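There are 2 protein chains.
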Amino acid sequence: MKTTINTPSKTYDIIIDKLPKLNFDRKVAVITNHKIAGLHINYLTNNLSAKELHIITLPDGEEYKNWQNIEFILDRLFDAKFDRNSLLIAFGGGVVGDMTGFAASIFLRGVDFIQIPTTLLAMVDSSVGGKTGINNKYGKNLIGSFYQPNAVYIDTHFLSTLPKREFAAGMAEIIKMAVMFDKDFFEKIKNNSISLEEMIKRAVELKADVVNQDEKEKGIRSVLNYGHTFGHVIENLTNYKTFLHGEAVAIGMVMANELSKILGYLSENEAEEIKQVLKKNNLPIDFKIENIEEFYNHFFLDKKTSNNKIKFIIPEKIGKYKIIDDIDKNIILKVLKKFEK
Amino acid sequence: MKTTINTPSKTYDIIIDKLPKLNFDRKVAVITNHKIAGLHINYLTNNLSAKELHIITLPDGEEYKNWQNIEFILDRLFDAKFDRNSLLIAFGGGVVGDMTGFAASIFLRGVDFIQIPTTLLAMVDSSVGGKTGINNKYGKNLIGSFYQPNAVYIDTHFLSTLPKREFAAGMAEIIKMAVMFDKDFFEKIKNNSISLEEMIKRAVELKADVVNQDEKEKGIRSVLNYGHTFGHVIENLTNYKTFLHGEAVAIGMVMANELSKILGYLSENEAEEIKQVLKKNNLPIDFKIENIEEFYNHFFLDKKTSNNKIKFIIPEKIGKYKIIDDIDKNIILKVLKKFEK
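Chains G and Y are the protein sequences, given in the same order. Numbered by UniProt numbering, the letters in the first sequence go through residues 1 to 341 in order. Numbered by UniProt numbering, the letters in the second sequence go through residues 1 to 341 in order.
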């Protein structure tokens, strides 16, 4: 199965299948982390040959997604005399993918790179669409670039070792896509009548469709932030320690649904249906807010909050999104009150 | 006078004229250095208004073109709560332009920026075409991006304070463009029958034409490296201390011309003509090589040397370039021998 991404800057395929034999007549660096390397590096290298193959291993964890580790990657490439014709391969989850993409975008002003995601979240979300980045003391993904890979290879083999919570976090993004764009897809997830590969493929197709329309997130791409506007605040308030990203997004979707209900769009039934699908997929659906004013103020720390307008993405109904901005503070507080401790 | 750049990633104008009044209804940061700020900040701010105006001042010099100063710029932007709608203005020479462009390309995955170059070199070369970058311990401009500005404003007012050597260094790039692409332009420079503005405009037009064909330097854009392949080695061997970039390029052009002569293209007369134009414009035309083997080996440190093939750009005749690669080492040594101490 494959899907094509077609942006102004690049056209490339996302291949969902057993990893094919990859042979490169150029220098290749696989960038991964210790954990993934320990579990899966043989599976990869058995399928990979290159003129020269280097493995660059990073520590595992979001806290290492910083400039120091980008410099570490770049220095290894310079040491190995990589040139503009060389290739990087991101082999891991979102952290490895975002960092490899960023390194590829700035090494000698840009070299080719390939994504081989190993987590469900990276497969359906971060590996698709060319967002790269690192964190700094001001926040997450605040430094980075839009830089598309040359190909994405999605092989569900790697999911066999993925912890259950991380699998669920990936499901959150899949459910998000279904609620935003495709009722039929949502029904299939709800009824368990779709295979994992088919589910990944549909999620990727839907994301590709959005990215093809708006590579640089000037408009429609922001729709992918359903659940994220609330979710980012939850992650922030809990210092990114309590919830995985996908878990915070799941709660954020429940909150966005409440907003939609108050505004008269989503029905009580539909909101409940979404909640149950999230729950069935081992995702949290509730969060107790200590202080709703504080929660509200956190919206303005988001890099997507331009000109002090908060943009909310809500389902008008299952399968149809709606973008809301310039919304009255009191209405938001009313939503938050439902989650108050 | 204006010229338009039209690349796959952006279309924008290069305006060669007295700086117009610029009014922005968004946050603006002017990035400059202490020297330029001292000389010209009033001239700029008298023509500039913004919703919020910040001036970020860097130390003056190539040695500050590094990640530490990019981080300094980014931190100031985060402190001032700049968002995706904010604008950066590069106000200075090539160092300021390259750093501002790089910072703009990675701040929140890319914000708008404008170039207001203050040196002749930046006006005709570095501000046009979207190359951004910084140096590191491995070399110059090894980290960076291709990222186009939204506009370039070229006002020769700023050249009134430019040191004579730096003016000459800018002339080297102008003469380079003439020799590569436009015999008539070369004749005008030789005969002193063209105004400074017209000269800048023609050089920018010629560069724009190349960039429009090959934004990411996959092919034809490498033609702009006439004089640079030899020049980079000269800069390297003298630790970037003896010559300004344009001066090294001037010597590099003389060397490339010798190569062209040996290969049977450029006539002795034409080579001499170019030499005299460089000389008349206060540029060096000779360099004594200590060790020609060492000089030769330095070609392979250049980031443009891919797959161990050195690419030389030479004039086939004045006004017509030729790209040469896969050239026998002995021929290059023969050229270098002419410059041996």
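All C-beta atoms in this analysis are idealised placements derived from N, C-alpha and C, irrespective of residue type, glycine included. Since we're looking at a predicted model, the values are computed, not measured.
Of all the options the options, which has the alpha carbon lying nearest to the alpha carbon of residue i?
i	options	result
Lys27 of chain G	G:Lys65, G:Tyr138, G:Ile89 and G:Leu159	G:Ile89
Asn46 of chain G	G:Lys18, G:Asn212, G:Pro284 and G:Asn69	G:Lys18
Asp60 of chain Y	Y:Ile41, Y:Val277, Y:Thr32 and Y:Lys337	Y:Thr32
Ala29 of chain Y	Y:Val335, Y:Ala50 and Y:Ile262	Y:Ala50
residue 344 of chain G	G:Lys317, G:Ile154, G:Lys218 and G:Lys10	Outside the displayed span of chain G (1 to 341) sits residue 344 of chain G, for which this structure offers no information.
Phe72 of chain G	G:Lys164, G:Lys81, G:Arg84 and G:Ala103	G:Ala103
Tyr43 of chain G	G:Pro163, G:Met177, G:Thr156 and G:Met199	G:Thr156
Gly101 of chain Y	Y:Lys65, Y:Leu77 and Y:Tyr147	Y:Tyr147
Gly94 of chain Y	Y:Phe78, Y:Gly110 and Y:Lys65	Y:Lys65
Leu224 of chain Y	Y:Glu235, Y:Ser145, Y:Pro149 and Y:Met253	Y:Met253
Ile14 of chain G	G:Leu333, G:Lys201, G:Ile323 and G:Ser195	G:Lys201
Phe82 of chain G	G:Asp209, G:Arg109, G:Phe91 and G:Ile175	G:Arg109
Tyr296 of chain Y	Y:Ile285, Y:His245, Y:Ile234 and Y:Ser195	Y:Ile234
Leu48 of chain Y	Y:His40, Y:Phe24 and Y:Ile262	Y:Phe24
Ala80 of chain Y	G:Tyr138, G:Ile41, G:Glu63 and G:Glu268	G:Tyr138
Thr161 of chain G	G:Thr118, G:Val128 and G:Ile285	G:Thr118
Lys338 of chain Y	Y:Phe312, Y:Lys309, Y:Asp328 and Y:Phe287	Y:Phe287
Ile323 of chain Y	Y:Arg165, Y:Gly227 and Y:Asp112	Y:Gly227
Ser195 of chain Y	Y:Asn269, Y:Met171, Y:Glu316 and Y:Glu268	Y:Met171
Ile262 of chain G	G:Leu39, G:Phe91, G:Tyr321 and G:Glu316	G:Glu316
Lys164 of chain G	G:Asp328, G:Leu283 and G:Glu173	G:Leu283
Lys311 of chain Y	Y:Asn239, Y:Lys275, Y:Ala248 and Y:Ile220	Y:Ile220
Phe299 of chain G	G:Glu270, G:Ile327, G:Val249 and G:Thr229	G:Thr229
Tyr240 of chain G	G:Glu63, G:Val204 and G:Ile189	G:Glu63
Met199 of chain G	G:Val210, G:Asn236 and G:Leu120	G:Leu120
Let's test the definition: count the other Cβ atoms within 10 Å of the Cβ of residue i and tell me whether it reaches 16, buried, or not, exposed.
i	result
Ser105 of chain Y	buried
Pro8 of chain G	exposed
Asn69 of chain Y	buried
Ser222 of chain Y	buried
Met1 of chain Y	exposed
Asn281 of chain Y	buried
Asn191 of chain Y	exposed
Asn257 of chain Y	buried
Leu301 of chain G	exposed
Pro20 of chain Y	exposed
Lys176 of chain G	buried
Gly231 of chain Y	buried
Thr238 of chain G	exposed
Thr242 of chain Y	exposed
Glu217 of chain G	buried
Glu268 of chain Y	exposed
Glu270 of chain G	buried
Glu215 of chain G	buried
Gly129 of chain G	buried
With a cut-off of 8 Å on the beta carbons, I'd call residue i and residue j a contact; round off their distance for me.
i	j	result
Thr132 of chain G	Asp98 of chain G	5 Å
Ile314 of chain G	Leu259 of chain G	6 Å
Ser145 of chain G	Val111 of chain G	Not confirmed; about 13 Å, so no contact.
Ile251 of chain Y	Ile274 of chain Y	The Cβ separation is near 12 Å, so there is no contact.
Identify the contact partners of residue i in chain A, using a Cβ-Cβ distance below 8 Å as the criterion.
i	result
Lys131 of chain G	Of the protein chains in the structure, G and Y, none is chain A.
Ignore the nearest five residues each way along the sequence and tell me which others in residue i's own chain have a CB closer than 7 Å to its CB.
i	result
Glu340 of chain Y	Ile289 and Ile292
Ile143 of chain G	Gly133, Ile134 and Asn136
Phe186 of chain G	Ala178, Val179, Ile318 and Gly319
Leu336 of chain Y	Ile289, Ile292, Phe295 and Tyr296
Met255 of chain Y	Phe230, Val335 and Phe339
Arg84 of chain G	Leu108 and Val111
His40 of chain G	Thr118 and Phe158
CB-CB under 8 Å to residue i, same chain, minus the five flanking residues each way: which ones, in chain order?
i	result
Asn141 of chain Y	Asp98, Lys131, Gly133, Ile134, Asn135 and Lys303
Asn212 of chain G	Ile5, Asn6 and Thr7
Ala151 of chain Y	Tyr12, Asp13, Ile14, Ile15, Ile114 and Gln115
Lys334 of chain G	Ile262
Arg76 of chain Y	Ala29, His54 and Ile56
Glu247 of chain Y	Arg165, Ala168, Ala169, Ala172, Leu283 and Pro284
Trp67 of chain Y	Ile134, Asn136 and Ile143
Asp184 of chain Y	Gly319
Give me, in chain order, the residues of the same chain whose beta-carbon lies closer than 6 Å to that of residue i; leave out the 5 immediate sequence neighbours on both sides.
i	result
Phe181 of chain G	Leu206
Lys35 of chain Y	Asp60
Ala37 of chain Y	Thr57
Ala122 of chain G	Gly93, Gly94 and Gly97
Ala208 of chain G	Thr3 and Ile5
Ile55 of chain G	Val30
Lys10 of chain G	Gln148
Scan the segment 60-106 of chain Y and note each continuous alpha helix (DSSP H) run of 4 residues or more that stays entirely inside, going in chain order.
Listed in chain order, they are 67-79 and 94-106.
Could you name each continuous alpha helix (DSSP H) segment of 4 residues or more that falls completely within the UniProt domain "3-dehydroquinate synthase C-terminal" (170-305) of chain Y, going from the start of the chain to the end?
With a minimum length of 4 residues, the continuous alpha helix (DSSP H) runs that stay inside the UniProt domain "3-dehydroquinate synthase C-terminal" (170-305) of chain Y are 183-190, 196-213, 228-237, 245-262, 268-280 and 292-298.
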